[in-house]
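Residue numbers (our numbering): 37 to 205. Glycine residues also receive a C-beta, built at the ideal position from the N, C-alpha and C atoms. Please read these numbers as outputs of a predicted model, since none were measured by experiment.
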Amino acid sequence: MPLRILLAVHHFPPTRIGGAELLRLARWLGANGHTVQVVCIETLHADAPDNLIWRDEEYQGVAVRRYALSLAQRTALLHFENALLEKNLAALAETFQPDVVHVISGYLMGVAPLKVAFAHHIPTVVTLTDFWFLCPTLQLLRGDGALCWGPEPVECMRCIADERRAFRL
């Protein structure tokens, strides 16, 4: 039975190396009769307006919605919950009507695809390719390269400060 599949990933080719495995998956799914829509973060801009910018295109036979996110007001909370992205994804879910949502990590997208899938009662698959759900630096590695054993607020803040991520506390 052919499915309508929404694939959410942090980056997608050709402008980024990240997401290359998802391109192969999307093309395979399409070749096997499924309808695929990819959503990804294309660019991050420190000086972008506070509204959400996106463009729809097709890449190697795959429908792709590419978002440009503003970092101007990006806080640690916005790293997890982006209301503008969530609203846009909800509208896309209404028109595309996916049978399943497949989220690759949560990096850059945050929980928006998960919240939309939950609100629309869409079955969801999450592929964990990093430690985004546990670690703000994605790696579970301390600044000195030592293994981190999991979230600890003071240590997490120290790592964020050391790494100078693209959001503010």
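According to the DSSP assignment, W90 belongs to the beta strand (DSSP E) that extends over 89-95. DSSP places V75 in the strand class (E or B) of the three-state scheme. Where L125 is concerned, the enclosing alpha helix (DSSP H) starts and stops at 119-132.
Spanning the alpha carbons of L170 and G179 requires a straight line of approximately 16 Å. L42 is the residue among P149, T51, L42 whose C-alpha sits nearest the C-alpha of R63. V45 sits close to C76, with the two beta carbons spaced by under 7 Å. The three-state reading of DSSP puts A182 in coil, since its state is none of H, G, I, E or B. Burial state of L183 is exposed, judged by a 10 Å Cβ sphere holding fewer than 16 other Cβ atoms. Going by C-alpha positions, P38 is about 15 Å away from P159.
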